[in-house]
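Chains as they are written, first to last, in my numbering: chain X, 5 to 432; chain H, 5 to 432; chain B, 5 to 432.
Ideal Cβ placement from N, Cα and C applies to all residues, glycine included.
On a predicted model such as this, the values are computed, not experimentally measured, just so you know.
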């Protein structure tokens, strides 16, 4: 009974076309060109590496893409239990026209050929979007991205600000910022000019969010103008040799200024909380970051109080932080629960975290899911995974446990899956 | 099968009359007088505020209660997914004689009228208790409560001590204590006299527990008499201007003294661990507190060892602390797991936490649930929510997973729901 | 449907004979001689003590074993909800030939007699192993264990190193080490000689792992030779009066040296992370330890990076650390998830933690379970508990949620339950 109920709810959730509110899509090359774009995704390379595939085997400069795919294929066996593997199988079956449950090394070549053929179709991008029921996706744009050459109604710009907060001491970042904004940052005033320029440019191009990922120790606070001037001055003259306390003060000053500009330009500020970068420095590309789950949203108390008009869609990296997220979103009007991020984007954690959010946060304040994808083909399996779990939670916890009708349960699902995105991240 | 099994267990759990071992009931006005008493509960105001209702709209001094209710009603739509909303719907259906699944703004007026009519009945209080299968409820009394004018067998006094531990530097608190006890606290000796007076008065009036809520950083320890004398002397002369270290030492001295008196007067000491007050200072009344889930019961190691004869029923605010609670109650004879508090009082967390406790803590050392209510009408939906989850856990984890008979499973449920309360909090 | 499916998977998981990769078995007395060996297990004494049985009642020097058993029996009622109690019931029913669901005080005597009779059989040890489907078990050997007098193919030595890291300042430990290794540790060089001797001896006797349990604050780091020399010199001259900083530095130096030797001798290094010893010092034997769940694997970042060739099977004491374990094992090739330890060895936490591991960690990098037992009779109920949960997770999350065949699901289960042990802990 429950399985059929889940299945019906899944169908209802699968009908509408939606917007994916956070991705790393390159709008100039959104879809894959070959299987190397699919299996090169860090989820596969890092798991294969963890299972024994040497980094040198897949990151050699002169490695032919097809050879890389074949090497990864040989390590899929040890991964075939993982949910990440199931994404690949679903792509293979739903988008590449195969029918297989378990992928074997001998599938590598025919699959490579088939993928090359399909992806060469000039409508491949459109087909993928259509079959994935996607109308648009949010991007992750560097602050100096020119935002040109693509349809911003389909590929919606978002201003990513990690470099500004955490790497403003780096000469290369300073130069990029000076170059794109026309302002060399040496104090608070020039910082504001430079950042304001970026917000204006992004806003003009239809940006619908500002975003940043943050380490566990981060605890934003305002910095006095005098202290910010001194810190930014030190960064301007000493670069990465500036004192750690100046680099930290500068970072907090930049972050606070970003929040002020989000308020002024009415942009939600996506906070992705909890990542430690390069924990495993010898790991494969994009497979080096981990975390310390000892983090609390109390670190953001001052921020949430200071900016009541800024919406903060929050992602947390560890499931143990999810209850705090649910509680803070339940109390603070400007805190919104956002998706299931990275190491928490696996079914057991999604199910537990989603259920806790659905029953405690107003239904209007939850963004169900984003794919975080780099290539369009991943929206389909990732969203389908989420929809199955959403259907399960709605079936078991609403229809069965609380006696809701299926229609009412499906409508709640559609709100967090689809409708809220447009309301929380409005068009200009 | 499982749903029917759950239903039968729920019926078995619903039969007996029980004591609610923690509430904020005012014994001089225990039941609601109007719908404003129901919808004025912070769970509704804070969620409506979080969903967009301005604080000024519901906290204006001259706001008519019916108008307040109508304003909150207009924000119920965004909350109708929450478990808190379901409590209101259950009150409406089970106590107010309506039959609705979803409440709409147009229901506000007829419901208001119906509630006024029913609540005007001189037997309303008795009816609510009867329909809720409640024989008595524990109160939360200020240390200077006169404890007069009510039946202490139905409304059982409990000495709440937050002010004494955390606000003894406040002149108003000092005056209240001096006034009710006849002792001005200036050192350890006068502290003991004042507190002993309060314990004696409460004990005389049938108090069955001492209680306190504690912030995450709290780590109780004994304070030497000399240090306590100095700290209490500073508080006596400087009030809130006393040095922070003196205020802290005084707080720990008071807390330790309370534990000593709990031992002497044989009162269980309810510890509610983990709340940060006024995190969202601009929030609505009682909707400002949150928490930092980075707390550990290791902070209470010294306390649990020093007072082996004091029972400590412990509530934790965050589900991530629940495993520690289960483990400490499994090892320490004087640690008892107590209810599902506040932000952990939602089905997903109750289910996970309850299951973990049932399978690891002796059955005699668990208080299943308390309502924490301010008005009697809330016991019914809150306890029913708990009973449904208890029935689910017993059905799935005992009858199905472990092959228990239904009778045996129901008996375990009744022990944690009903029988343990009278044993752990005995009558004088 | 799901219950039958679970049952079929459980049967499939129960067929093969397995190795138990972590126990505290004494190979010279592996099986119980009487019921006192069973009910003397700390899980029963500590729970009975927690439920009210005085420590003096069961730890008196002159207490007759049968009397001890009868005293514990009288406190089994308050524990009969716990999973630990169910282990005893399963032993009674599966190994001791009784048929009871609930044990009453009057069962104590007949059960005592029956157990004495059965356990006197010279084949009892073999029978227990046979019925438990065990081919071998890993031991926990003190560093100065002579490793003689037993079959090391059945009882596989493992070098336990807590004393070396945390108690090298104790004269008794220093003497034991000098005595067994022939090297008095006064500096880095003699430390290496002494430890190398131990590794060589253990390796010669077929040891397949080095192991240690670690407190929450532990964060291993290399120590310079000069600093290690100074610290070890201080320990040699001052013993436990050595400065805390020297004792700490010595501990880290020893730990790092152990990791180096694990690399050289190709021994996996089992890390059991998170225990605080003697939190409840007045508790019964082995019932005094608890924990602080605020621990992170980020504390082991430097270690995991420094020893890429050492396998680190990791156990965590608190379920809230399990997601970090899953994530670190997903990224680091040398991190392996290992079993469900102690306070996390109860069904609710096993189920949640196991599901999260299965879906995110390569299937080759998970040791499903170990019994941690002191007497052979406990493997049967503990492994059966685990197999039931494994069957449940495979049924619900693989067959139902993901459409896997039963065969494929069972094969995944068998890999983590059985096959991985031999691969991760290879024979010399």
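Cβ shell of residue i (< 7 Å), same chain only, five flanking positions each side left out
i                      : result
residue 438 of chain X : Examination of residue 438 of chain X is not possible in this model, given that chain X is present from 5 through 432 alone.
residue 326 of chain B : 320, 357, 360
residue 365 of chain B : 330, 333, 334, 341
residue 304 of chain H : 224
residue 153 of chain X : 32
residue 269 of chain X : 203, 207
Cα-Cα separation between residue i and residue j, rounded to whole angstroms
i                      : j                      : result
residue 165 of chain H : residue 275 of chain H : 10 Å
residue 189 of chain B : residue 84 of chain X  : 49 Å
residue 413 of chain H : residue 92 of chain B  : 19 Å
residue 422 of chain H : residue 353 of chain H : 21 Å
residue 131 of chain H : residue 47 of chain X  : 60 Å
residue 172 of chain X : residue 187 of chain X : 13 Å
residue 89 of chain H  : residue 278 of chain B : 40 Å
residue 294 of chain H : residue 280 of chain H : 5 Å
residue 403 of chain B : residue 218 of chain X : 38 Å
residue 201 of chain X : residue 263 of chain X : 15 Å
residue 409 of chain H : residue 79 of chain H  : 45 Å
residue 437 of chain X : residue 367 of chain X : Nothing about residue 437 of chain X can be read from this structure; chain X reaches only from 5 to 432.
residue 387 of chain H : residue 405 of chain X : 15 Å
residue 390 of chain H : residue 407 of chain X : 16 Å
residue 239 of chain H : residue 310 of chain H : 27 Å
residue 180 of chain X : residue 226 of chain X : 25 Å
Own chain partners of residue i with C-beta closer than 8 Å, once the 5 adjacent residues on each side are dropped
i                      : result
residue 418 of chain X : 16, 17, 20
residue 371 of chain X : 25, 317, 340, 341, 342, 343, 420, 424, 425, 428
residue 323 of chain X : 348, 353, 356, 357
residue 27 of chain X  : 141, 142, 143, 144, 374, 375, 376, 377, 378, 383
Expected contact under 8 Å - CB spacing of residue i and residue j to nearest Å
i                      : j                      : result
residue 257 of chain B : residue 194 of chain B : Not a contact, Cβ separation roughly 12 Å.
residue 62 of chain H  : residue 288 of chain H : 7 Å
residue 50 of chain X  : residue 112 of chain X : So it is not a contact: roughly 19 Å between Cβ atoms.
residue 384 of chain X : residue 135 of chain X : 6 Å
residue 69 of chain H  : residue 38 of chain H  : 6 Å
residue 53 of chain H  : residue 243 of chain H : The Cβ separation is near 34 Å, so there is no contact.
residue 314 of chain X : residue 273 of chain X : 6 Å
Own chain partners of residue i with C-beta closer than 6 Å, once the 5 adjacent residues on each side are dropped
i                      : result
residue 209 of chain X : 151, 156, 161
residue 82 of chain B  : 55
residue 184 of chain B : 148
residue 235 of chain B : 250, 253, 254
residue 102 of chain B : 96
Distance CB(residue i)-CB(residue j) smaller than 7 Å
i                      : j                      : result
residue 143 of chain X : residue 203 of chain X : no
residue 206 of chain B : residue 163 of chain B : yes
residue 31 of chain B  : residue 129 of chain B : no
residue 141 of chain X : residue 216 of chain X : no
residue 199 of chain X : residue 261 of chain X : yes
residue 271 of chain H : residue 213 of chain H : yes
residue 220 of chain H : residue 146 of chain H : no
residue 87 of chain B  : residue 350 of chain B : yes
residue 100 of chain X : residue 118 of chain X : yes
residue 401 of chain X : residue 14 of chain X  : no
Meets three-Cβ-pair contact criterion under 8 Å: the stretch 250-263 of chain B and the stretch 296-303 of chain B: At 8 Å Cβ cutoff, the stretches do not touch.
Segment contact flag, the stretch 278-293 of chain X with the stretch 326-341 of chain B, C-beta cutoff 8 Å, min 3 pairs: Between the stretch 278-293 of chain X and the stretch 326-341 of chain B, the count of C-beta pairs closer than 8 Å reaches three or more; the two stretches touch.
Three-pair Cβ contact test at 8 Å for the stretch 104-111 of chain H versus the stretch 391-410 of chain H: Not touching, per the Cβ criterion.
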